[in-house]
Amino acid sequence: MADQIARGKDFEKKAEKKLSGWGLFGSKYEDAADLFDKAANSFKLAKSWDEAGSAYIKLANCHLK
Numbered sequence: 001m002a003d004q005i006a007r008g009k010d011f012e013k014k015a016e017k018k019l020s021g022w023g024l025f026g027s028k029y030e031d032a033a034d035l036f037d038k039a040a041n042s043f044k045l046a047k048s049w050d051e052a053g054s055a056y057i058k059l060a061n062c063h064l065k
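Once you know that position 43 of the sequence shown is 43 in the UniProt record's numbering, the rest is easy, because the numbers rise by one and skip nothing.
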């Protein structure tokens, strides 16, 4: 389970980096959304529900932009 949490945090860090970088035609939001989805799934597998919920909120915000 601990490696799933570490994996989720890694995906989340990569997604945040995508959002802070420069991207063409909104692709950074799509890429970040994909990474937030992977992070949320990793957190769910580890039964870390709060972190999974947080990642899903960030995922939804990416889809809104």
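Quick reminder that beta carbons are idealized off the backbone N, C-alpha and C, glycines included.
Per the coordinates, the alpha-carbon of PHE11 lies some 20 Å from the alpha-carbon of LEU64. Distances from the alpha-carbon of ASP3 to those of LEU19, LYS47 and ASP31 put LYS47 closest.
Note on geometry: alpha-carbon atoms of MET1 and ALA32 lie some 24 Å from one another. Within the same chain, ALA40 come within 7 Å of TYR56 by CB-CB distance, once the 5 residues on both sides are set aside. Going by DSSP, ALA46 is part of no alpha helix (DSSP H) at all; its letter is neither H nor E.
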